[in-house]
Amino acid sequence: MKKTVTINKNTLFRKIYSKGTSYVNKYLAVYVLPSKDGISRLGITVSKKLGCAVIRNRAKRLIRESYRINEENISGGYNIVVVARKMVVGTDFHHVNSALIHLLKKHSVWTAENE
RNA sequence: UGAGCAUUUCGGGCAGUCGCGUGCCUUUUGGCACGAGGAAAGUCCGGGCUCCGCAGGGCAGGGUGCCGGAUAACGUCCGGUGAAGGCGACUUCAAGGAAAGUGCAACAGAAAUAUACCGCCAUAUUUAUUAUGGUAAGGAUGGAAAGGCGAGGUAAGAGCUCACCGACCCUUUAGGUAACUAUUGGGUCCUGUAAACCCCACCCGGAGCAACAUCGUUAAGGGGAGUUAAGUUGGCCCGACAGUCCCCGGGUAGAUGGCUUGAGCCAUACAGUAAUGUAUGGCCUAGAUAGAUGAUUGCCUGCAAAACAGAACCCGGCUUACAGAUUUGCUCAUUUA
RNA sequence: GGAGAAGUACUCAAGUUGGCCGAAGAGGCGCCCCUGCUAAGGGUGUAGGUCGGGUAACCGGCGCGAGAGUUCAAAUCUCUCCUUCUCCG
């Protein structure tokens, strides 16, 4: 299994925000933009408004874990940015996981194999 | 048994599966080791380190403020003194100077550092009173009103005089390194405020790892000031520096080092009341750069795995947040012996 | 990560050599005029939060981000905490 490629440039983030399509959930907001070179990238945004460093780190870890588990089911070649919303504070992994799957299905980047 | 005061340590443990960061070994797969805190937080102090001009002097500015000690240093810590609170164990305290000077004290009150509204007394006029003078005992105001109380004294009064008490200044003796405590004699009777200016003593150059160093990338030039009196530091001055470039706006791409062996941790012995220091032996314990600890299952302790919370150059403190468990010593009350 | 600035009625805010300060002023709200009606415009005056008391007029306490301290007295001075905003390469 290859490593998860992350987005680490501010300009790329801004491009995805302005040009990508977005769907919003109670827990998360997901922006998707097809990448030019065919590599999937993941970016996670957690605002400072959500809470202190522990809460923000917890949210990032839950999102990253959910992406890692479901990476096989996501069709490649997309830049995906996941933004955590306020309801994510205090929830457990299962809620975050189902929320992410729901949004990825809306974006139709979910290639269901197991269902 | 109840109530309370101080204080120590911990902040779940073990195992399985998938996954993350760093290092090492293999190098296609992979394997092994290590991997957040008592506050990592707030950035409130102090220091190391780096650069700024060699890190100097004065003014300004800022900080600290009982005494002695500890320390690299501190606004921290330890031991003592004093004051306040508590029956007590004990706790709290920015605790120098108001008798060097200046300012301020609203409203109220007659008057706020100086006085005469009412009252009391004397004299004159007159007997309703009015005027002048004396007075700080009594009233009233205020947070604060000329040290308190008694006796003498007086026209009425007053530290005006005296006894006792209190405060302050000088002083004698004893104890203590000192703050200070006890004490002898003399003098004085003075509002509060220095977290108002100030005085006294001591301390402080500035900026910060987004510092800084090395290697590289982009680029395009334009405008302004200056020519030995301008520039450079932190506000100013002096001194110093370099000996031609400086400022404004615009453009560009980052990588590596700094980055963890340190005033380090643990154990023992000795010195010291203690903070702490010295010696010997052992140990190596995160180092990321959109930023590593998560998901899940089982067992154990427990009512319940459950609080506050995530290193970002590194240390010493302080402050604030914190569910629950826990060590040791002491005080008071009640009962029984 | 580091360095700073600010917080006052519903909103924007003035006030900080400590005292007559629940706090000037503007918007907003509310009343009147104008209009067939409304908006805009003009004029005028009032109350300002919260708790307690009172039939009411009104009176008293607490309140200038929160909590302590200094002082006779704190929006103002000092300390600690909270929130918001700005700057750095």
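Residue numbering for the first sequence follows numbering that gives the first Met the number 0, beginning at 0 and increasing consecutively.
Glycine included, every Cβ here is placed at the ideal spot set by N, Cα and C.
Please read all numbers here as calculations on a predicted model, not as lab measurements.
Next item on the list: With a threshold of 16 other CB atoms inside 10 Å of the CB of Arg-60, please say whether the residue is buried or exposed.
Entry: As a first step, residue 60 is located in the first sequence; it is residue number 61 there, counting from the start. Label assigned to Arg-60: exposed.
Check: For Asn-69, which residues does DSSP report across the bridge?
Finding: Reading the first sequence from its first residue, position 70 is the one you call residue 69. Paired residue(s): none; Asn-69 is not in a bridge.
Margin query: Closest to Arg-57 by C-alpha separation, out of Ser-74, Arg-40, Val-87, Ser-34, would be which residue?
Written below: The sequence position of residue 57 within the first sequence is 58, counting from 1. Out of Ser-74, Arg-40, Val-87, Ser-34, Val-87 has the C-alpha closest to the C-alpha of Arg-57.
Margin query: Quick check on DSSP: helix, strand or coil for Arg-40?
Written below: Here residue 40 refers to the residue found at position 41 of the first sequence. Of the three classes helix, strand and coil, the one that applies to Arg-40 here is strand, per DSSP.
Item checked: CB of Thr-20 within 8 Å of CB of Val-31, strictly -> Counting from 1 along the first sequence, the entry for residue 20 is found at position 21. Counting from 1 along the first sequence, the entry for residue 31 is found at position 32. In contact: Thr-20 and Val-31 (Cβ atoms closer than 8 Å).
Checklist line | Residue of Tyr-66, Ser-46, Cys-51, Ser-97 minimising C-alpha distance to Ile-79 | finding: Position 80 of the first sequence holds residue 79. For Ile-79, the nearest C-alpha among the options comes from Tyr-66.
Item checked: Neighbour-count burial assignment, Lys-1, 16 or more Cβ in a 10 Å radius -> Mapped onto the first sequence, residue 1 falls at position 2. In this prediction, Lys-1 has a pLDDT of 48, which is less than 50 and means its spatial position is unreliable; nothing more can be read from the coordinates.
Next item on the list: Go to Ser-97, then tell me how far its beta strand (DSSP E) extends in each direction, as first and last residue.
Entry: As a working mapping, residue 97 is identified with position 98 in the first sequence. No beta strand (DSSP E) holds Ser-97; the alpha helix (DSSP H) holding it covers 92-105.
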